[in-house]
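Sequential numbering from 10 applies to the sequence shown in our numbering.
All C-beta atoms in this analysis are idealised placements derived from N, C-alpha and C, irrespective of residue type, glycine included.
Computed from a predicted model, the values in this text were never measured in an experiment.
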Amino acid sequence: MNTLTDKKNHPFHLVDPSPWPFVGSIGGLVTAIGFVLLMHHHGFYVLLMGLAIVLFTMVGWWRDVILESEDTEIYTPPVQFGLRTGMALFITSEVMFFVAFFWAFFNASLFPPESIGGVWPPKGIHPLNPFDYPYFNTLILLLSATSLTWAHHALLAGHSKDVLKGIGATVFLGLLFTSIQAYEYAHATFGFKEGIYPSTFYMATGFHGAHVIIGTLFLIVCWFLARFGQFTPDRHIGFEAAAWYWHFVDVVWLFLFVSIYWWGSGF
10 MNTLTDKKNH PFHLVDPSPW PFVGSIGGLV TAIGFVLLMH HHGFYVLLMG LAIVLFTMVG
70 WWRDVILESE DTEIYTPPVQ FGLRTGMALF ITSEVMFFVA FFWAFFNASL FPPESIGGVW
130 PPKGIHPLNP FDYPYFNTLI LLLSATSLTW AHHALLAGHS KDVLKGIGAT VFLGLLFTSI
190 QAYEYAHATF GFKEGIYPST FYMATGFHGA HVIIGTLFLI VCWFLARFGQ FTPDRHIGFE
250 AAAWYWHFVD VVWLFLFVSI YWWGSGF
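Listed below in structure tokens is the structure:
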């Protein structure tokens, strides 16, 4: 073996060949097809198969990343900076994702067309009371932000038990938020197909709810990583990424509550 050619002479990490991008893309495709078939009443078996492939990809890919992170020579300062930058750019792309939903909502609410009577909310629509379940969910997310911040400070201070408590509390609050939103949807007086108001409402709040579920899954993984000592005060990029994502979800909800639930409902 030629040690001169095999020796690493740069601070960056070149990833090893991995099957997970290919397997994950297949899982995403099967899941999308499954959703289409489900909406056309062809059963949910294809959807379950796609979700199973996605879950398998998540477990396998996360396992490889965890094993990779244990090598201190891989996660050099430039690599850590690149990971943080990548997460920041990903969140930026998610911001633009929600900008599209807010654009659709404000375009319809500020300039309501004659087809809906020229008023907002449209006639026949009875919006949800923003100071009922939505307000409670707002308090839940704000509280979850504080518990996650507590966990972060505990991690920096080396208090492992408080880290588990903080992340666990945040996971619980995330599950509570999702449960309340599901109850809210089940008791709403309008359906998704009943006009522009329900469409923009469910698209914006529903996709935010999906992000809450994803963020909760991220934090569950972080809880187990913290439980098995994978995070240290100096090395916890995975936790930072999950925390940034969760705070992003919190901020988006504040905009949703003020604009769609409160202002847009006419209260």
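Under the 10 Å beta carbon count, residue 28 is surrounded by fewer than 16 other beta carbons and is classified as exposed. The criterion of a C-beta distance shorter than 8 Å is satisfied by residue 204 and residue 131.
Cβ-Cβ distances below 7 Å link residue 55 to 39, 42, 43 and 46 in the same chain, with the five nearest sequence neighbours on each side left out; the list follows chain order. Comparing alpha carbon positions, the residue from 66, 69, 96 and 65 closest to residue 257 is 96.
If you draw a 10 Å sphere on the C-beta of residue 196, you find fewer than 16 other C-beta atoms in it, and that means exposed.
Between the alpha carbons of residue 175 and residue 88 lies a distance of about 28 Å. In the three-state reduction of the DSSP assignment, residue 132 falls in the coil class, being assigned neither a helical nor a strand state. With a beta-carbon spacing of about 7 Å, residue 75 and residue 234 fall inside the 8 Å limit used to define contacts. Taken through DSSP and simplified to helix, strand or coil, residue 22 comes out as coil.
Here residue 139 is buried: its Cβ has 16 or more other Cβ atoms, across all protein chains shown, within 10 Å.
Residue 265 is a Cβ neighbour of residue 214, given a cutoff of 8 Å.
Excluding residues up to 5 positions away in sequence, 111, 114 and 115 lie with their Cβ nearer than 8 Å to the Cβ of residue 268 in the same chain. By the neighbour-count criterion, in which 16 or more other beta carbons inside 10 Å mark a residue as buried, residue 20 falls on the exposed side.
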